[in-house]
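Residues 20 to 96 in our numbering are what the sequence shown lists, from first letter to last.
Everything on this sheet refers to the single structure shown next.
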Amino acid sequence: MTSTDEIFDIVIVGCGPAGIAAAIDLQAVSQLKFIVFKARNRAGGRVSTDTTTFGINTPIDLGAQWLHHYRPENPFP
Numbered sequence: 020m021t022s023t024d025e026i027f028d029i030v031i032v033g034c035g036p037a038g039i040a041a042a043i044d045l046q047a048v049s050q051l052k053f054i055v056f057k058a059r060n061r062a063g064g065r066v067s068t069d070t071t072t073f074g075i076n077t078p079i080d081l082g083a084q085w086l087h088h089y090r091p092e093n094p095f096p
């Protein structure tokens, strides 16, 4: 964001699964101007895959206990 004077219709707080889904749905069906704020330097909220602790060949999924409704177009492969 380049200006502090920008005005948004909607502010989405959080870039976890719910925040991402809200942004995708808003973009698909609305002309409302929105912004997504996130606390970390990556999207996904508490859902992430650690590839640094044990190396890239041993990914460890962290965060969520369960992701419901998986489908191919899901933004979390």
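We put the beta carbon where it would ideally sit given N, CA and C, even for glycine.
Residue closest to residue i, alpha-carbon to alpha-carbon, out of the options
| i | options | result |
| --- | --- | --- |
| T23 | I31, V48 and I54 | I54 |
| D80 | L45, T68, I31 and G74 | T68 |
| P36 | E25, D44, G64 and F27 | G64 |
Whole-angstrom C-beta distance between residue j and residue i, which should lie under 8 Å
| i | j | result |
| --- | --- | --- |
| G33 | K52 | Actually they do not touch by this definition, with Cβ atoms about 18 Å apart. |
| I29 | L45 | 7 Å |
| A47 | I31 | 14 Å between Cβ atoms; not a contact. |
Limits of the alpha helix (DSSP H) - the one that residue i falls within
| i | result |
| --- | --- |
| V48 | P36 to V48 |
Spatial distance of residue i from residue j (CA atoms)
| i | j | result |
| --- | --- | --- |
| I39 | S49 | 15 Å |
| V66 | A83 | 5 Å |
| R61 | E92 | 19 Å |
| N76 | T70 | 7 Å |
| F73 | R59 | 22 Å |
First through last residue of the beta strand (DSSP E) which encompasses residue i
| i | result |
| --- | --- |
| T68 | S67 to D69 |
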